[in-house]
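Below is one structure; the comments refer to it alone.
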Amino acid sequence: MKANRLVLAGSFCWNKDCPDYGLVDHGNIVKYGRTGKGTQRLKCTTCDKVFVENKGTVFYGRHHNPKEILECLAMVAERNSLASIHRIKGIKEETVMSWLREASNHVEKIESLLLANYPLTRVQLDAMWTYVGHKGKKVDISKNPTEAASGGALP
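Start counting at 1 in the sequence shown, then tack on 216, and there's your number in the numbering used here.
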């Protein structure tokens with residue numbers, strides 16, 4: 217599989233032991249029912265391994281549906297605070313932050329989904345990724361040695 221090509225998770229086998237591993241659109245992947253939450257299951261006809269269509273995405277293994285996750289990410293892009301998202305949607309701030317961190321690993325796909333489905337601009341998305349990049353990092357600012365103590369005068 218070429219590293220520079222974005223493909224859907226259901227277009228190749230995820231099993232590293234499979235002879236058809238990573239072969240895109242090879243014809244070995246077939247639909248294999250749905251999960252209890254409605255996610256499409258897929259099966260490799262070569263190795264008989266079963267996986268879901270959202271494997272390898274920000275939505276994989278999440279308890280919330282993709283629409284709700286995207287709505288929260290759009291709210292962050294619109295400069296809503298995590299606390300306001302918690303009040304409005306009832307989703308913990310930590311949960312939204314974990315979605316943001318995972319989404320940062322899938323920037324191209326998330327941006328295309330957000331731009332196609334929500335009235336957002338590229339500037340808003342850039343601000344969101346900047347926010348994610350700096351969230352949780354503490355900056356060590358050392359004092360300038362020429363600064364006087366509180367109430368003191370500079371020479």
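Note that beta-carbon positions come from the ideal geometry of N, C-alpha and C, so glycine has one too.
| message | Contact defined as beta carbons within less than 8 angstroms: I believe Gln-175 pairs with Ala-293. What is the distance between those atoms, to the nearest angstrom? | response | The shown model of the chain, from 217 to 371, leaves out residue 175, and the question about it has no answer.
| query | What did DSSP end up calling Ile-245 once you bin it into helix, strand or coil? | reply | By one-based count along the sequence shown, residue 245 stands at place 29. Correct three-state label for Ile-245: strand.
| query | Is Ala-229 helix, strand or coil when you go by DSSP? | reply | Looking up residue 229 in the sequence shown gives position 13. The residue you asked about is not Ala; residue 229 is Cys in the sequence shown. Reduced to three states, the DSSP call for Cys-229 is strand.
| message | Rounded to whole angstroms, what is the Cα-Cα separation between Lys-354 and Cys-234? | response | Taking the first residue of the sequence shown as 1, we reach residue 354 at position 138. Taking the first residue of the sequence shown as 1, we reach residue 234 at position 18. Because Lys-354 carries a pLDDT of 42, less than 50, the predicted location of this residue cannot be relied on, and the following value inherits that uncertainty. Those two C-alpha atoms are separated by around 44 angstroms.
| Of all the options Ser-227, Asn-244, Met-344 and Leu-239, which has the alpha carbon lying nearest to the alpha carbon of Glu-327? | In the sequence shown, the residue the question calls residue 327 occupies position 111. With distances taken between Cα atoms, Glu-327 lies closest to Met-344.
| For Val-339, does the three-state DSSP call read helix, strand or coil? | Your numbering for residue 339 matches position 123 in the sequence shown. Per DSSP, reduced to three states, the secondary structure at Val-339 is helical.
| query | Taking the C-alpha atoms as reference points, what is the distance between Leu-286 and Thr-262? | reply | As a working note, residue 286 is residue 70 in the sequence shown. As a working note, residue 262 is residue 46 in the sequence shown. Cα to Cα, the separation comes out at about 34 angstroms.
| To the nearest angstrom, how far is it from the Cα of Arg-303 to the Cα of Asn-296? | Taking the sequence shown and counting its residues from 1, one reaches residue 303 at position 87. Taking the sequence shown and counting its residues from 1, one reaches residue 296 at position 80. Taking the CA atoms as reference points, Arg-303 sits about 11 angstroms from Asn-296.
| Under a Cβ-count criterion, where at least 16 other Cβ atoms within 10 Å of its own Cβ denotes burial, should Ala-319 be classed as buried or exposed? | As a working note, residue 319 is residue 103 in the sequence shown. With 16 or more Cβ atoms within 10 Å of its Cβ, Ala-319 is classed as buried.
| Would Glu-269 be called buried (16 or more neighbouring beta carbons within 10 Å of its own) or exposed? | Against the sequence shown, residue 269 aligns to sequence position 53. When all chains shown are included, Glu-269 counts as buried.
| query | How many Å lie between Gly-306 and Asp-236 at the Cα? | reply | Here the question's residue 306 lines up with position 90 in the sequence shown. Here the question's residue 236 lines up with position 20 in the sequence shown. Looking at the two C-alpha atoms, the distance is approximately 43 angstroms.
| task | For Ala-290, count neighbouring C-beta atoms within 10 Å of its own C-beta (all shown protein chains included) and say buried if the count is 16 or more, exposed if not. | result | Stepping through the sequence shown from its first residue, residue 290 is reached at position 74. Classification of Ala-290: buried, given that the 10 Å Cβ count is 16 or more.
| query | In this structure, what does DSSP give as the bridge partners for Val-266? | reply | Along the sequence shown, read from residue 1 onward, the residue named residue 266 stands at position 50. DSSP lists Lys-259 as partners of Val-266.
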